[in-house]
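Notes to accompany the following structure.
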Amino acid sequence: MPSTVTMDLQKVKALAVNMFKCGAVKFGSFQLKSGIYSPIYFDLRVIISKPDIMNQISDYIWAEMESRYSFDSICGVPYTALPIATLVSANRSVPMILRRKEAKMYGTGKLVEGAYKPGWRCLIIEDVVTTGSSILETAESLRQHGLVVEEAIVILDREQGGDQNLENHGIKMTSLLQVQPLLIALETEGLITSEQKSKVETFLSRTTSKFNLKLDNLFKKKLIPRMTCTASKKLLRIMYKKKTNLCLAADLQNWTEVLEVARTLGPHICLLRTHIDTYNLENYYQVVEFRKHLKDLATKFDFMIMEDRKFADIGSTVQRQLTSKPFEIAQWADMVTVHGLPGPGVLQCFEGLENIAVVVIAEMSSTGNLGRKVSDYKHECLKITDGYDKIVAGFVSHSKIRVDRKDTFFLQFTPGVALNDYTGGDGLGQQYVYVDDAILDRGADVIIVGRGILKHGNENWREVAEEFQRNGWSALVQKLMNKFRDT
Ligand code: S5P
Numbered sequence: 000m001p002s003t004v005t006m007d008l009q010k011v012k013a014l015a016v017n018m019f020k021c022g023a024v025k026f027g028s029f030q031l032k033s034g035i036y037s038p039i040y041f042d043l044r045v046i047i048s049k050p051d052i053m054n055q056i057s058d059y060i061w062a063e064m065e066s067r068y069s070f071d072s073i074c075g076v077p078y079t080a081l082p083i084a085t086l087v088s089a090n091r092s093v094p095m096i097l098r099r100k101e102a103k104m105y106g107t108g109k110l111v112e113g114a115y116k117p118g119w120r121c122l123i124i125e126d127v128v129t130t131g132s133s134i135l136e137t138a139e140s141l142r143q144h145g146l147v148v149e150e151a152i153v154i155l156d157r158e159q160g161g162d163q164n165l166e167n168h169g170i171k172m173t174s175l176l177q178v179q180p181l182l183i184a185l186e187t188e189g190l191i192t193s194e195q196k197s198k199v200e201t202f203l204s205r206t207t208s209k210f211n212l213k214l215d216n217l218f219k220k221k222l223i224p225r226m227t228c229t230a231s232k233k234l235l236r237i238m239y240k241k242k243t244n245l246c247l248a249a250d251l252q253n254w255t256e257v258l259e260v261a262r263t264l265g266p267h268i269c270l271l272r273t274h275i276d277t278y279n280l281e282n283y284y285q286v287v288e289f290r291k292h293l294k295d296l297a298t299k300f301d302f303m304i305m306e307d308r309k310f311a312d313i314g315s316t317v318q319r320q321l322t323s324k325p326f327e328i329a330q331w332a333d334m335v336t337v338h339g340l341p342g343p344g345v346l347q348c349f350e351g352l353e354n355i356a357v358v359v360i361a362e363m364s365s366t367g368n369l370g371r372k373v374s375d376y377k378h379e380c381l382k383i384t385d386g387y388d389k390i391v392a393g394f395v396s397h398s399k400i401r402v403d404r405k406d407t408f409f410l411q412f413t414p415g416v417a418l419n420d421y422t423g424g425d426g427l428g429q430q431y432v433y434v435d436d437a438i439l440d441r442g443a444d445v446i447i448v449g450r451g452i453l454k455h456g457n458e459n460w461r462e463v464a465e466e467f468q469r470n471g472w473s474a475l476v477q478k479l480m481n482k483f484r485d486t
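Okay, so the sequence shown: first residue is 0 according to numbering that gives the first Met the number 0, each after it adds one.
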C-alpha cells in the first residue's frame, strides 16, 4: 500500500516552495555517504530555525491526522522531528513522549521517557523517510513499553520503499510531501528547470532499482547456482523471497505450542528447527499428527524444517536412527544435524536418501566446547565433507568457518544469538552474541534463535521475531554485498 498523501495541491506547493527557499531541498551535485553523486539533497534540519515553516508543518500534520486517526500521544524521531512533535504537542494539547537513541547508563536507564499509559495509541512523527528503519526502531521500543503504534506521519517520503516496509510491520504511513509532487510543484513555480526535474527522476529510479538488481543478481546468479546441495539452494531461494535469514529454534515442550509458534512466525522465518524428542508426544499417532501439521505449515508459509538430532554414531546406526519409529526423521525433515566426530561414515549413510540434507556441527556455542578448544576440530569437520557436497547443506558454527575448497559453497548456521537487550548466558553454558556480531564478524548466514523470541509471551513473539528478521536480513545483505563487491 503506498503512503497516503491527502494534502491539497495548494498546501503541497506552499510547503515545497518553503522547503526550497530555506535550503531544506537542494539541487546540484552532492556526494553521498555511499560515494555516489546525487543531483538532489535533502537536509531538513535547517527548518528548525524557521519558525514559520515549523508552524506550517505542525499545522499540516494536525490537519492530516486529527480527523482521521485518534491518538493519545505523539513521539518525534530524534532529532529534526523532535521540535516538530513538541510544537504539535504543545499547540494541540496532546501528550508527547520521547524515545532515546541509546539508554542512559545511569539513573533510570529508561529508553522511553514521559508519562504514558500502556495501551495508548502513539503517532510517530519523522522528517524524511527512505527505508523506514528509524520509524521501525522507534515503534519497536514504544511497543515494548506497551504503547500501540499503528500510524506514522512524515514530512517527506523519498519513495524508496519505506511505506511498504512499514506496512509490513503494521504501520500506516502518511506523508506531507513525496519527491514527485515536490518536483512538480517546484517546476511549476519556476524554481527548477524541467531538465533538473528529469535528472532527479532518473537518478532516483536508477539508484533504487540498481540496488535491487544487484541483490537479485547476487542471489540468483552468484549464490544459488554455486550451492551443490539441493536443500541449501532451496533455503537460499526462500531467504531471498521472504527477506529473512531467521531460523526459529522451536524449543517448547508442548507440541501444540510448537505448531502455534510455527503458525505465528511462519511468515518471518526461513527455517524451523525442531527437537522432536523433547516434545510431549505421547505415542506414534501423535508424532504422525504433529509432523503432518508441521509440514502443512511449512508448505503454507514456505519455510524448511531442520531436526536438530545431532547424530554422532557410526554410519549404520545413524542410518537406522534416521528411519526408526516413532520419529522417522528422514520422512519429514529437510535437514538434520550431525556431529563431525564419527568421521565421514556419518555422512556416507545419507547417500541414497534424497529428501534430507545434513548440517555438520563444527563449533558449538557453549562455553568450553571442544570445537573451539581442540585445535583444528572445526577444520577436520570441514574436511570430512569432501566428496559429500550434494548431501551437506552447511555447518553449525559459532565462529567463521573458512571453506577453502574451490567453488564449494556451504551455509553457516549460527546459534546463541540475542538482541541488544541481552546480557550474559543462560547459566548452563550457552553463550550469546548479538545479531550483527553473529553475521558480520562470525560469518553466519542463518541465525538460529530460540529463547531470544520464546522467552517473551506469545503475544510478543511476532514483534520480537520481526526485529530479528529485520536486523538479520540487513546485516546479511551488508555482508554479502561486501563479499561479492568485486566479482
Ligand atoms: O552449538 C549449538 C548448536 C545448536 S544446534 N548451540 C545451540 O544452542 N544449538 C541449538 O540452538 C540449541 O539446541 C538450541 O535449541 C538453540 C539455541 O537456543 P537459544 O534459546 O539459546 O536461542
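Yeah, the Cβ is synthetic: ideal placement off N, Cα and C, and Gly gets one too.
Local conformation of residue i per DSSP, three classes
i: His-267; result: helix
i: His-338; result: strand
i: Gln-477; result: helix
i: Ser-28; result: strand
i: Thr-187; result: helix
i: Leu-176; result: strand
i: Gly-75; result: strand
i: Ser-37; result: strand
i: Cys-348; result: coil
i: Ser-69; result: coil
i: Phe-210; result: helix
i: Ala-392; result: strand
i: Cys-380; result: helix
i: Asp-276; result: helix
i: Met-0; result: Residue placement at Met-0 is flagged as unreliable, the pLDDT there being 44, under the threshold of 50; a coordinate-derived value is accordingly withheld.
i: Met-303; result: strand
Proximity below 7 Å, CB of residue i to CB of residue j
i: Lys-377; j: Ile-438; result: no
i: Val-345; j: Val-337; result: yes
i: Ala-230; j: Asp-307; result: no
i: Leu-245; j: Gly-471; result: yes
i: Leu-212; j: Ala-261; result: no
i: Ile-39; j: Val-199; result: yes
i: Lys-389; j: Thr-227; result: yes
i: Arg-120; j: Leu-110; result: no
i: Thr-137; j: Asn-164; result: no
i: Arg-290; j: Trp-254; result: no
i: Ala-474; j: Asp-436; result: no
i: Gln-468; j: Ala-443; result: no
i: Ile-313; j: Leu-321; result: no
C-alpha distance - residue i paired with residue j, whole-angstrom precision
i: Glu-379; j: Met-363; result: 14 Å
i: Ser-487; j: Ile-47; result: Examination of residue 487 is not possible in this model, given that the chain is present from 0 through 486 alone.
i: Thr-173; j: Glu-150; result: 8 Å
i: Phe-302; j: Pro-117; result: 34 Å
i: Val-22; j: Leu-43; result: Contrary to the premise, residue 22 reads as Gly rather than Val in this sequence. Roughly 8 Å separates the two Cα atoms.
i: Gly-424; j: Gly-415; result: 9 Å
i: Ile-304; j: Asp-276; result: 15 Å
i: Asn-457; j: Glu-259; result: 9 Å
i: Thr-243; j: Thr-298; result: 16 Å
i: Glu-112; j: Pro-341; result: 56 Å
i: Leu-293; j: Ala-356; result: 18 Å
i: Glu-166; j: Lys-324; result: 45 Å
i: Ile-52; j: Arg-67; result: 23 Å
i: Ala-311; j: Lys-399; result: 22 Å
i: Ala-84; j: Val-391; result: 54 Å
i: Gln-429; j: Arg-371; result: 14 Å
i: Asp-385; j: Tyr-431; result: 30 Å
i: Gly-27; j: Gln-9; result: 26 Å
i: Lys-233; j: Tyr-239; result: 10 Å
i: Phe-29; j: Asp-440; result: 32 Å
i: Asp-7; j: Phe-300; result: 41 Å
i: Gly-367; j: Val-359; result: 19 Å
i: Leu-86; j: Ser-57; result: 6 Å
Presumed contact (8 Å Cβ cut-off) between residue i and residue j, rounded CB distance
i: Ile-170; j: Val-127; result: With 8 Å as the limit, Ile-170 and Val-127 do not qualify as a contact, their Cβ atoms being about 16 Å apart.
i: Ser-69; j: Val-93; result: In fact, because the Cβ distance is near 11 Å, the residues do not count as touching under 8 Å.
i: Phe-483; j: Lys-221; result: 6 Å
i: Thr-407; j: Ile-447; result: Going by Cβ atoms, the distance from Thr-407 to Ile-447 rounds to 22 Å, so no, they are not a contact pair.
Residue i CB to nearest heavy atom of the ligand ZN below 6 Å
i: Arg-450; result: Absence of the ligand ZN from the depicted structure is noted, with the ligand S5P being the only ligands included.
request  = Give a yes or no on contact between the stretch 455-467 and the stretch 261-270, applying the rule of three or more CB pairs nearer than 8 Å.
outcome  = yes
query = Is the stretch 284-291 touching the stretch 241-251 in the sense that three or more CB pairs, one from each, lie closer than 8 Å?
reply = no
inquiry  = Quick check: the stretch 336-349 against the stretch 306-322, are at least 3 beta-carbon pairs closer than 8 Å?
reply    = yes
message = Assess contact between the stretch 444-456 and the stretch 410-428, defined as three or more Cβ pairs (one per stretch) separated by less than 8 Å. Is contact present?
response = Yes, they touch.
query = Does the stretch 176-185 touch the stretch 13-31, meaning 3 or more C-beta pairs lie closer than 8 Å?
reply = Cβ pair count under 8 Å is three or more, so yes.
task = Examine the Cβ distances between the stretch 193-209 and the stretch 157-169 and report whether three or more of them are shorter than 8 Å.
result = The answer is yes - the stretch 157-169 touches the stretch 193-209, with three or more Cβ pairs under 8 Å.
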